[in-house]
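Residue numbers (the working numbering): 2 to 350.
What follows is a short report on a single structure.
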Amino acid sequence: MISSRERFLAACRREPVDRPPVWLMRQAGRYLPEYQDVRRTRGFWDVVRAPSLAAEVTLQPLRRFQMDAAIIFSDILIVLDAMGVEVTYRPGGPLITPLVREELDLTRLREVNPARDFAYLARAIEQVTHELHPEKAVLGFAGAPFTLAAYLVEGGAGKNVSQLKALAYNKPELYATLASRIAEVVAGLLALQIDAGVDAVQIFDTWAGHLSPEDYETLALPYVRTIVSRLASRGTPLILYLRNAAGHLEAAARSGVDVISLDHSISLAEAVRRVGDKVALQGNLDPAELAGPPERIARRVGEMIAATQGTGHIVNLGQGLTPDTPIEGVAAFVEAVRRWSPAMARAAS
Ligand code: CP3
């Protein structure tokens, strides 16, 4: 029997597997009562920064569901925190102060030493891998430079990233300096996670879907490439997530990552046609589907896997699941993937 970890790594390399691996973005979090129990007495940052709490919350979904991978509990905004910026989580979304708008603002950003500043994360990863290896895959992650720059310039999740675009158009050198600095911190953070034992890492470029294809090539892609080149010698699979990715698929596939994680605005069949010979694919069920009947979830899972024939495919959602997601929907999703077999696919076609 192939382990979940071997299955996950084989899928990243587009090698044949008994069935595709499955996990869910935001699988640890507020839809789980046991997560809410932890959060009742502690703030979000307290959980992130305490290795044993972060490890506990990482493991919570795997005690309920048999997904193939755990993603370490943290946040993309830890990079801004390490750079000396204040990050506050409020119900309306994160709030970041002070903002970067001028050259002078860059001088206020702190130099990051990953081993020192992200030591809490390395400890959490060691605890999780100690518990789950060699059976399950453990994933690390970070935000992409464009997406992190968006938070730093907009002060939060800007709806259309217009402030960041204005900065990039008016002060291209300032944007390039800022994005390069973030890229080096992200590369250091991901290298630290790999050294601590994760099996693959995911880079979240959540806001890159707001860019035109031309701007994607200059404002987002080069900085993902920097990270890829810094990590290449380690040979760890890299996953790149984009939201509203359809327009950037070929460009993203040229970034050098192993897997592209798709949102649900594009069909897997189309993505396979366009880039399936270059990268593996992850995704891409609309998380709202998890509120539907289990038979419908199973059918949709079957359709997704039919599109990739189960090879070079990590089954996941098109974006992170939301706090109102029913636990039964998550269970139906994971079980539908686990029950899939090549024979089922042949019978359906
Ligand atoms: O996937 C997982 O289970 C691992 C943990 C994880 C979190 N954030 C925990 C979290 C991951 C992978 C992230 C990534 C992240 N964080 C992204 C990229 C993915 C995406 O959703 O597009 C972004 C843009 C962020 C920034 C962020 N952090 C926002 C916008 C918010 C507030 C919105 C929200 O969902 O509440 C957070 C806070 C956050 N990060 C929470 C969790 C579980 C909620 C905090 C809480 O109240 O407990």
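Where a beta carbon is used, it is the ideal one built from N, C-alpha and C, also for glycine.
None of these values were measured; they are calculated from a predicted model.
Exercise. What residues in its chain sit with their C-beta under 7 Å from that of Leu291, if we drop five residues either side in the sequence?
Worked result: Ile298, Leu322, Thr326, Pro327, Gly330, Val331, Phe334.
For this session: Would you list, in sequence order, the uninterrupted alpha helix (DSSP H) runs of no fewer than 4 residues that lie entirely inside the stretch 257–306?
Result: For the stretch 257–306, whole alpha helix (DSSP H) runs of length 4 or above, ordered along the chain, are 269–276.
Problem set entry | Sequence-distant residues of the same chain with beta carbon closer than 7 Å to Ala12, five excluded per side | Result list for Ala12: Val18, Pro21, Pro22, Ala281, Gly313, His314, Ile315, in chain order.
Exercise. Excluding sequence positions up to five away, which residues of its chain have a Cβ less than 7 Å from the Cβ of Val229?
Worked result: Apart from sequence neighbours up to five positions away, the residues of its chain that approach Val229 with a beta-carbon distance below 7 Å are Leu239, Ser256, Gly257, Val258, ordered along the chain.
Problem set entry | Residue burial classification, Asn285 (beta-carbon count within 10 angstroms, cutoff 16) | Result: buried.
For this session: Report yes if the C-beta distance between Ala29 and Gln61 is below 8 Å; otherwise report no.
Result: Cβ atoms of Ala29 and Gln61: closer than 8 Å.
Problem set entry | Cβ distance (whole Å) where Gly189 is taken to contact Pro115 below 8 Å | Between Pro115 and Gly189 the Cβ distance is about 4 Å, and since that is below 8 Å, they are a contact.
Problem set entry | Inside the stretch 35–95 only - alpha helix (DSSP H) runs reaching at least 4 residues | Secondary structure within the stretch 35–95: the alpha helix (DSSP H) runs of 4 or more consecutive residues, fully enclosed, are 45–50, 52–65, 79–83 (chain order).
For this session: Helix, strand or coil for Phe9, going by three-state DSSP, please let me know.
Result: In the structure shown, the three-state DSSP call for Phe9 is helix.
For this session: Check each candidate in Asn317, Ala337, Pro324, Gln310 and name the one with the smallest Cα separation from Glu16.
Result: Taking the Cα of Glu16 as reference, the smallest distance to any Cα among Asn317, Ala337, Pro324, Gln310 is reached at Gln310.
For this session: Flag this pair as yes or no: are the beta carbons of Phe205 and Phe142 separated by less than 8 Å?
Result: Note that the C-beta distance between Phe205 and Phe142 is below 8 Å.
Exercise. From what residue to what residue does the alpha helix (DSSP H) around Gly189 run?
Worked result: Segment 173–197, the alpha helix (DSSP H) holding Gly189.
Problem set entry | Ala253 vs Leu243 beta-carbon contact at 8 Å | Their beta carbons are under 8 Å apart, which means Ala253 touches Leu243 by this criterion.
Exercise. Between the stretch 176–184 and the stretch 218–227, do at least 3 Cβ pairs fall closer than 8 Å?
Worked result: Yes: the two stretches touch, three or more of their Cβ pairs being nearer than 8 Å.
Exercise. So Leu250 and Arg275 are in contact, right, with Cβ under 8 Å, and what is the actual spacing, rounded?
Worked result: 5 Å between Cβ atoms; contact.
Exercise. Between which two residues does the beta strand (DSSP E) containing Val316 stretch?
Worked result: Counting along the chain, the beta strand (DSSP E) containing Val316 begins and ends at 314–318.
Exercise. Does any heavy atom of ligand 1 sit closer than 7 Å to the C-beta of Tyr217?
Worked result: Result no, Cβ not under 7 Å from ligand 1.
For this session: With distances taken Cα to Cα, identify the nearest neighbour of Val58 among Ala70, Gly44, Val39, Asp76.
Result: Considering only alpha carbons, the answer is Val39.
Problem set entry | Under 8 Å between C-beta atoms of Ala70 and Leu149 | By the CB criterion at 8 Å, Ala70 and Leu149 fall outside the cutoff.
Exercise. Roughly how many angstroms separate the alpha carbons of Ile97 and Lys279, rounded to a whole number?
Worked result: Taken atom to atom, the span from the alpha-carbon of Ile97 to that of Lys279 is near 37 Å.
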